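So the structure is just underneath, and the comments pick up after that.
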Amino acid sequence: MAFDLLIGVPASAWSISLVLLDCVGVIIAFLSSLLAVRLIAKRDVVGGCEACGYDLQGNESGTCPECGEAVKATQ
Ligand SMILES: [Zn+2]
0 MAFDLLIGVP
10 ASAWSISLVL
20 LDCVGVIIAF
30 LSSLLAVRLI
40 AKRDVVGGCE
50 ACGYDLQGNE
60 SGTCPECGEA
70 VKATQ
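Residue numbers (numbering that gives the first Met the number 0): 0 to 74.
Shown next, in the form of structure tokens:
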């Protein structure tokens, strides 16, 4: 209770904010795992950059415009 008085926020509000914080953590973990899966899937794209997965089909500069990785000749 002394803690509540110091901060000036009721304990129930703290509980709710902690639950929300937990939810945010779970959502961030879920989204980052989705992102990781997408990045891994992107790397398997034929003609994609080996470093970042950027689609390099039709690229003639010899470097990935996304990350600057040297492009290997595909022919
Ligand atoms: Zn790249």
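We put the CB at the ideal spot given by N, CA and C, even for glycine. Note that the structure is a prediction, hence the values are computed from the model and not measured.
By the three-class DSSP mapping on this structure, what secondary structure does A50 have?
coil
Say whether chain D places a C-beta atom closer than 9 Å to the C-beta of V18.
Protein chains in the displayed structure number just one, and chain D is not present.
In angstroms with no decimal places, state the Cα-to-Cα distance between P64 and A35.
21 Å
Give a single yes or no on whether G24 has its beta carbon closer than 8 Å to a heavy atom of ligand 1.
Flag unset: Cβ of G24 not near ligand 1.
If we call anything under 9 Å between Cβ atoms a contact, is D54 one with G61?
no
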